[in-house]
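Student: I am attaching a structure below and will ask some questions about it afterwards.
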Amino acid sequence: MSMNYLNKYEKYQYIQEYESCLNTSSNYEKIIKIGQGTYGEVFKARHRQNNKFVAMKKILMHNLGDNGFPISSLRETKILRLLKHENIINLIEICKSKATDGKYPSTFYLIFDFCEHDLNGLLSNKAVKFSLPEIKTFIKQLLSGIYYIHVNKILHRDIKPSNILITKNGILKIADFGLARPFSDKNSGNLGKEQVVTLWYRAPELLLGDENYGPPIDLWAIGCIMAEMWKRVPIMRGQSEQHQLFLITNLCGSITPSVWEDVKELRLFNTMQLPQRKKRKVKDELKNYIDNPYALDLIDNLLTIDPNKRLDADTSLNHDFFWTDPMPCDLSNKLLQLNHSMFEYTMASQRLQNKTNVTVAPPI
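This is the structure in structure tokens:
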């Protein structure tokens, strides 16, 4: 299946597929709302016939295309049909409700395998503590999923803890592909000026207006998340793009052509006031929380300012962090001990994030 931009025929084809859904949402019983985002509401639900738990993502009807259907949902569906991997959320089917008014005939839902937890909820719960082998397993699974996504020429573009789901058996699933887009090797995609990636996990090249970004933006986000596994809060919580760049510079050193040769070509580099003569201190800052030298080294390499020098997923998976004792371990025992889902913590965290005016980029 070609992953080029959706042309008019592809849009029509996918809209027809949505319209011709054989299954209706009445096959599912909603239990509780577990997520709310720019692109839709998510509910825990149960299939009325087989009693299987699922996640129902209600598609919000905004950012409509020419055919009156959200382009981000068409892209998400197309990408999820292509990507089949243990560490990527599985799209079961598309279903729709009966028409309720004349403005739009139906409400559409994406039906996914249900995951009991998300990483944001787990990190927000101080009662849940992770050992070094458990952290290794989380990050290894995350990198494995991203490696597969990138091999298939897709950028996720919104890697963050609330988009990382975990089953009760300890299997990590990357979710929410509403911002995902294909890229090419020639120019890494030429994906334009639109903002992507939640601010706290946004790479410096995005903040400086790079329109030819590529897979390194997802690896930067993983570096932030890996550090967060120990600190338990986002390591750089900017209130604006300028503030986020300040925090990045304060941790990773001044952004100059001497450390990132191509930065002088970016449109915002010469217009933004960036801190000067800041030394890189990723390891020094994080060693207060992380006592494993291999973990510090991997994070340091993922948070490399120059995207051309940032570790890719394949190289990261071969890092000594994963191949020295203690080795990654099975997570099922840890998660089976939890008596309830961690999504309630995520909902509270999202409300807090909204109060700080840190917004997720709109779909494009």
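Under the UniProt record's numbering, residues 1 to 364 are what the sequence shown spells out, in order.
For each residue, glycine too, the CB sits at the ideal point set by N, CA and C.
1) Measuring straight from C-alpha to C-alpha, what distance separates T77 and I88?
2) G35 by DSSP, collapsed to three states: which one?
3) Does the region 258-275 come close enough to the region 194-208 that 3 or more CB-CB pairs lie under 8 angstroms?
4) Determine whether the beta carbon atoms of L317 and Y147 lie at a separation below 8 angstroms.
5) Starting from C224 and walking both ways along the beta strand (DSSP E), at which residues does that stretch end?
6) DSSP state of I135, grouped into three classes?
7) Report yes or no: is there a C-beta of chain B within less than 8 angstroms of the C-beta of M236?
8) With DSSP run on the structure shown, which of helix, strand or coil describes F322?
9) Taking the alpha helix (DSSP H) that R75 belongs to, which residues open and close that run?
10) Determine the direct distance from the alpha carbon of L338 to that of D66, and round the result to whole angstroms.
11) Kindly indicate which residue of N292, D320, F108 has the alpha-carbon position closest to the one of C95.
12) Nearest-angstrom Cα distance between I135 and W200?
13) What's the C-alpha gap between S106 and K98?
14) With distances taken between CB atoms, is the gap from M226 to L298 smaller than 8 angstroms?
15) Could you give the distance in angstroms between the alpha-carbon of N125 and the alpha-carbon of K168?
16) Between L123 and R202, which are expected to be in contact by the criterion C-beta below 8 angstroms, what is the C-beta distance as a whole number of angstroms?
17) Quick one: what does DSSP say G189 is sitting in, helix, strand or coil?
18) Based on the DSSP secondary-structure assignment, which residues constitute the bridge partners of H117?
19) What is the rounded straight-line gap between the Cα of Q49 and the Cα of N120?
20) Grab the span of the alpha helix (DSSP H) containing C252 for me, first residue to last.
21) Run through DSSP, which three-state label would P182 get?
22) Give me whichever residues DSSP pairs with Y109 in a beta bridge.
23) Per DSSP, what kind of secondary structure is K30 in: helix, strand or coil?
24) Please look up how many angstroms separate the CB atoms of F114 and A180, rounded, as I've assumed it's under 8 angstroms.
25) Please report how far the alpha carbon of V128 lies from the alpha carbon of I71, in whole angstroms.
26) Sort S144, A295, Q276 by Cα distance to D284 and report the nearest one.
27) What separation, rounded to the nearest whole angstrom, lies between the Cα atoms of I171 and L142?
28) Please state the DSSP three-state secondary structure of A313.
29) Expressed to the nearest angstrom, what Euclidean distance is found between the alpha-carbon atoms of K334 and I166?
30) Which value, in whole angstroms, describes the spacing of the CA atoms of T359 and E228?
31) Are the beta-carbon atoms belonging to Q276 and S254 less than 8 angstroms from one another?
32) Starting from I299, trace the beta strand (DSSP E) both ways and give me its first and last residue.
Tutor: Looking at the atomic coordinates:
1) For T77 and I88, the distance between alpha carbons rounds to 13 angstroms.
2) In this structure, G35 counts as strand in the three-state DSSP scheme.
3) Here the region 194-208 makes contact with the region 258-275; the two share three or more CB pairs at distances below 8 angstroms.
4) With respect to the 8 angstroms criterion, L317 and Y147 are classified as neighbours on the basis of their beta carbons.
5) Run containing C224: none in the beta strand (DSSP E); it sits in the alpha helix (DSSP H), 216-231.
6) Looking at I135 - three-state DSSP - the assignment turns out to be helix.
7) Chain labels in this structure do not include chain B; a single protein chain is all it has.
8) Looking at F322 - three-state DSSP - the assignment turns out to be helix.
9) For R75, the enclosing alpha helix (DSSP H) starts and ends at 71-82.
10) Interpretation of D66 is limited by its pLDDT of 49, a score under 50 that renders its predicted location unreliable; the figure taken from the coordinates is listed afterwards. About 46 angstroms.
11) Measuring C-alpha to C-alpha distances from C95 to each of N292, D320, F108 identifies F108 as the nearest.
12) Approximately 21 angstroms, taken between the alpha carbons.
13) For S106 and K98, the distance between alpha carbons rounds to 5 angstroms.
14) A contact, by the Cβ cut-off of 8 angstroms.
15) So the alpha carbons of these two residues sit roughly 16 angstroms apart.
16) Going by Cβ atoms, the distance from L123 to R202 rounds to 19 angstroms, so no, they are not a contact pair.
17) Note that G189 scores a pLDDT of 48, beneath 50, so its modelled location is shaky and nothing firm can be said.
18) DSSP output for H117 lists I166 as bridge partner(s).
19) Going by the C-alpha atoms only, they are around 32 angstroms apart.
20) For C252, the uninterrupted alpha helix (DSSP H) run begins and ends at 241-252, by DSSP.
21) Taken through DSSP and simplified to helix, strand or coil, P182 comes out as strand.
22) Note: Y109 sits in a beta bridge opposite K58, C95.
23) The three-state secondary structure of K30, taken from DSSP, is strand.
24) Taking the Cβ atoms as the reference, F114 lies roughly 21 angstroms from A180, outside the contact range of under 8 angstroms.
25) So the alpha carbons of these two residues sit roughly 38 angstroms apart.
26) The residue with the shortest Cα to Cα distance from D284 is A295.
27) One C-alpha to the other measures close to 10 angstroms.
28) In the structure shown, A313 falls within a helical segment according to DSSP collapsed to helix, strand and coil.
29) Rounded to the nearest angstrom, the gap between the Cα atoms of K334 and I166 is 12 angstroms.
30) Here T359 scores only 40 on pLDDT, less than 50, and its place in the model should not be relied on; the value that follows carries that caveat. Spanning the two alpha carbons is a distance of roughly 19 angstroms.
31) Going by C-beta atoms, Q276 is nearer than 8 angstroms to S254.
32) No beta strand (DSSP E) contains I299, which is instead part of the alpha helix (DSSP H) from 293-302.
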